[in-house]
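Q:
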Amino acid sequence: MSNVQVSKRSLLVGRWLIVAAAVLWSTSGFFAKAPWFAAWPLDARGPLMAFWRTLFAGLCLVPWVRRPRWTWWLVPATLSFALMSITYLCAITRTTAANAIWLQSTAPLWVFLMGITILREKVRRADWLMLVAVAAGVGFIITCEVRSSTSTPEQLTGVLLALTSGVLYALVVVFVRALRDLDSAWLISLNLLVTAVVLLPYVLYRGLGASQTQVLWLSAFGVFQMGLPYLLFARGLRVIPGHEASFICLLEPVLVPIWVWLSWRHHPSYQPPAWWTYVGGGLILIGLFARFSMLTPEVNGDATSPAPPTSK
Numbered sequence: 012m013s014n015v016q017v018s019k020r021s022l023l024v025g026r027w028l029i030v031a032a033a034v035l036w037s038t039s040g041f042f043a044k045a046p047w048f049a050a051w052p053l054d055a056r057g058p059l060m061a062f063w064r065t066l067f068a069g070l071c072l073v074p075w076v077r078r079p080r081w082t083w084w085l086v087p088a089t090l091s092f093a094l095m096s097i098t099y100l101c102a103i104t105r106t107t108a109a110n111a112i113w114l115q116s117t118a119p120l121w122v123f124l125m126g127i128t129i130l131r132e133k134v135r136r137a138d139w140l141m142l143v144a145v146a147a148g149v150g151f152i153i154t155c156e157v158r159s160s161t162s163t164p165e166q167l168t169g170v171l172l173a174l175t176s177g178v179l180y181a182l183v184v185v186f187v188r189a190l191r192d193l194d195s196a197w198l199i200s201l202n203l204l205v206t207a208v209v210l211l212p213y214v215l216y217r218g219l220g221a222s223q224t225q226v227l228w229l230s231a232f233g234v235f236q237m238g239l240p241y242l243l244f245a246r247g248l249r250v251i252p253g254h255e256a257s258f259i260c261l262l263e264p265v266l267v268p269i270w271v272w273l274s275w276r277h278h279p280s281y282q283p284p285a286w287w288t289y290v291g292g293g294l295i296l297i298g299l300f301a302r303f304s305m306l307t308p309e310v311n312g313d314a315t316s317p318a319p320p321t322s323k
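See below:
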């Protein structure tokens, strides 16, 4: 078999690994909206799920750690990750899964703004296209939610938490970029386990345990929605350029509301996305599509590319 054939096969396998990672990440809404956790109070549901998910995902990745190394930059990095995880799951329990994932997916916009204002990075035309489209999508969703007579205070809180999660995700991307020399399995597993440690006092204070059924699904949430996708993504990045992986990962925000609809549309707690969510989400996806489709291998590693699986 020629080297060209081997190379083509490696690229194909790498792309499918990234696709598999994006599909598994997209199951966050399936787990977060599941009726198994409805017995938990709404205000505690997000933090409780964040605790168990990060605990199981972190333990899943520990065996893959090869070169642990400490730096003080890990302190703000892990805290940003913890806050991002908490705000995202608090958001998805209060508003629709589509709102939560599409607003968190605005992270490249915030990374771009940090890059041009703080790091003085070079701006490309695709960056401005992303800025206009994503800002329009965010503004449209928030404006319609505020003006809608059907929006409850909990839903509005969820929208704001989702947007905050996007800003925090941007901070995580910046820190991961700064810590790129560290072993990736070490960095991600530390982020996950620190989040669990941060949330442990809250879990003990609330005194809300998990049943055997809940523990089973929470372990699946951590392992299959966060731990396994990380391994697939890291493996795929060995042969796939970062800009191409970023483009493929746009599958995730598209699939999140689809899985929720397929799984829970007949359940009484199901909230269908409002029409403005589709419009605003479409604008956000157009902006991200424009941004990543115009990237070239020469700008691989750009700050606006998604970090390794640290989110969702």
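Counting in the numbering used here, the sequence shown runs from 12 upward without gaps.
Just so you know, even glycine gets a beta-carbon here, dropped at the ideal spot from N, CA and C.
Where does Gln236 land, buried or exposed, given buried means 16+ other C-beta within 10 angstroms?
A: Result: buried.
Q: Alpha carbon to alpha carbon, what distance is there between Ser274 and Ser91?
A: Going by the C-alpha atoms only, they are around 31 Å apart.
Q: So, is Gly218 buried or exposed, given that buried needs 16 or more other C-beta atoms within 10 angstroms?
A: Under this definition Gly218 is an exposed residue.
Q: By Cβ distance, which residues of its chain are closer than 7 Å to Thr206, with the 5 residues on each side in sequence left out?
A: These residues qualify, in order along the chain: Ala61, Thr65, Phe92, Ala93, Ser96.
Q: Are there three or more Cβ pairs, one per stretch, closer than 8 Å when the region 107 to 127 is compared with the region 191 to 202?
A: No: the two stretches stay apart, fewer than three of their Cβ pairs being nearer than 8 Å.
Q: Please give the ranges of any alpha helix (DSSP H) in the region 170 to 204, keeping only runs that are unbroken, at least 4 residues long and fully inside the region.
A: The region 170 to 204 contains no whole alpha helix (DSSP H) run of 4 or more residues.
Q: So, Gly40 versus Trp270, is the Cβ gap smaller than 8 Å?
A: Yes, the pair counts as a contact, with Cβ atoms nearer than the cut-off.
Q: For a quick check, are the C-beta atoms of Gly291 and Ile152 less than 8 Å apart?
A: Cβ distance < 8 Å, so Gly291 and Ile152 count as in contact.
Q: So which of Thr82, Asp138, Leu261 has the shortest CA-CA distance to Leu124?
A: Of the listed residues, the one whose Cα sits closest to Leu124 is Asp138.
Q: Between the alpha carbons of Phe186 and Trp84, how many angstroms are there, rounded?
A: So the two alpha carbons sit approximately 8 Å from each other.
Q: Just verifying my parser: in three-state terms, what is the DSSP assignment at Ala221?
A: Ala221 falls in the coil class under three-state DSSP.
Q: Please look up how many angstroms separate the CB atoms of Gly148 and Ile295, rounded, as I've assumed it's under 8 Å.
A: Gly148 to Ile295, Cβ: 4 Å. Contact.
Q: Going by the CB atoms, is the gap between Ala32 and Pro264 shorter than 8 Å?
A: It is not a contact, given that the beta carbons lie outside the stated cut-off.
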